[in-house]
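Student:
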Amino acid sequence: MYKIGQLAKAENITVEALRFYDQQGILSPGLRADNGYRLYSEDDRVRLRFIQSAKNLGFTLKEVKELLDIKVEKGAHTCGEVKYIAEHKLADIQQKIQQLQRFETTLKKVVATCCGGPESAEHCSILEAIEEKVA
1 MYKIGQLAKA
11 ENITVEALRF
21 YDQQGILSPG
31 LRADNGYRLY
41 SEDDRVRLRF
51 IQSAKNLGFT
61 LKEVKELLDI
71 KVEKGAHTCG
81 EVKYIAEHKL
91 ADIQQKIQQL
101 QRFETTLKKV
111 VATCCGGPES
121 AEHCSILEAI
131 EEKVA
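Sequential numbering from 1 applies to the sequence shown in UniProt numbering.
#1: Name the residue from Tyr40, Gln24, Tyr21, Lys109 whose alpha carbon lies nearest to the alpha carbon of Gly30.
#2: Verify whether the separation of the beta carbon atoms of Leu61 and Ile26 is less than 8 Å.
#3: Just the C-alpha distance for Lys65 and Leu100, rounded to the nearest angstrom, thanks.
#4: Check for me: the beta strand (DSSP E) holding Tyr84 runs from which residue to which?
#5: Buried or exposed: which applies to Thr59, given that a residue is buried once 16 or more other Cβ atoms fall within 10 Å of its Cβ?
#6: Can you name the start and end residues of the alpha helix (DSSP H) that Tyr21 belongs to?
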């Protein structure tokens, strides 16, 4: 069994994050000590690793909860359901990549127009370009 601080240290996560996961209902400690301390089992640690892995793949906590629900009752779900969730996450990521590529292209153009000299920024082309986008 792990106290909250021990699990946090072992898995390189903050105590606050573990408390938040508990509040969100995605990782509740298996037991509570008489003094109220949260006590986590090895199964809880495995669940935490799953949560962290899913988050590292870009899944939101809502999506992680959905995946955990499926994982707990694998027999009641299909692989197709999991694939559907993963495909939607992949589409979200691809959309974000395209948006970032557009940002990169625009920013490269703006940076290329700037002299970058020691003059006053009064007529800085980068500031002007940003202002034009806002107006």
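Heads up, the beta-carbon is just placed ideally off N, CA and C, and yes, glycines get one too.
Tutor: Taking the geometry as given:
#1: Ranking Tyr40, Gln24, Tyr21, Lys109 by Cα distance to Gly30 puts Tyr40 first.
#2: A contact, by the Cβ cut-off of 8 Å.
#3: Whole-angstrom Cα-Cα distance: 28 Å.
#4: Membership of Tyr84 in any beta strand (DSSP E) is not indicated; the residue belongs instead to the alpha helix (DSSP H) covering 79-113.
#5: Thr is not the amino acid found at residue 59; the sequence shown has Phe there. Here Phe59 is buried: its Cβ has 16 or more other Cβ atoms, across all protein chains shown, within 10 Å.
#6: 15-24 is the extent of the alpha helix (DSSP H) around Tyr21.
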